[in-house]
Amino acid sequence: MQRGLAAGDTEGAAQAVPQSVVDAFVIYGDPATCRRQLADYRCAGIDLPVVFPMPVAGSWDGVPEATIAAFASASSEPGELVAPGGGGGERRAEVG
């Protein structure tokens with residue numbers, strides 16, 4: 001992975017990450033799967049997970065709002081969800 005990054009080969013570097021590492025550290029999939037994975041993290045003792053959406057097609061249009069909507073029901077406490085927006089901004093939403 002380091003050689004790929006050093007050579008500017010981000011695709012090759014990404015392919016070098018074992019699937020077991022991705023599965024252990026990354027929440028991905030459809031909203032129901034992501035909520036289940038988030039619940040598993042919380043049951044394991046992670047009380048402040050950080051959710052950072054990554055657009056699949058490269059466009060940020062609607063991604064922060066969709067992420068907030070998908071994870072709001074997974075929040076066990078009232079609070080604030082913050083999602084990064086395109087261009088370095090943030091989107092915030094009250095939950096609970």
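Quick note, the sequence shown lines up with residues 1 to 96 if you use full-length UniProt numbering.
Just so you know, even glycine gets a beta-carbon here, dropped at the ideal spot from N, CA and C.
- Counting the other Cβ atoms within 10 Å of the Cβ of V26 gives fewer than 16, which makes it exposed.
- Rounded to the nearest whole angstrom, the C-alpha separation of C34 and V21 is 16 Å.
- Closest in C-alpha terms to P55, from the list D30, Q2, A16, R3, comes D30.
- D9 and W60 have their C-alpha atoms some 23 Å from each other.
- Uninterrupted alpha helix (DSSP H) stretches at least 4 residues long and entirely within the segment 1 to 70 occur at 2 to 6, 10 to 15, 19 to 25, 31 to 43, given in chain order.
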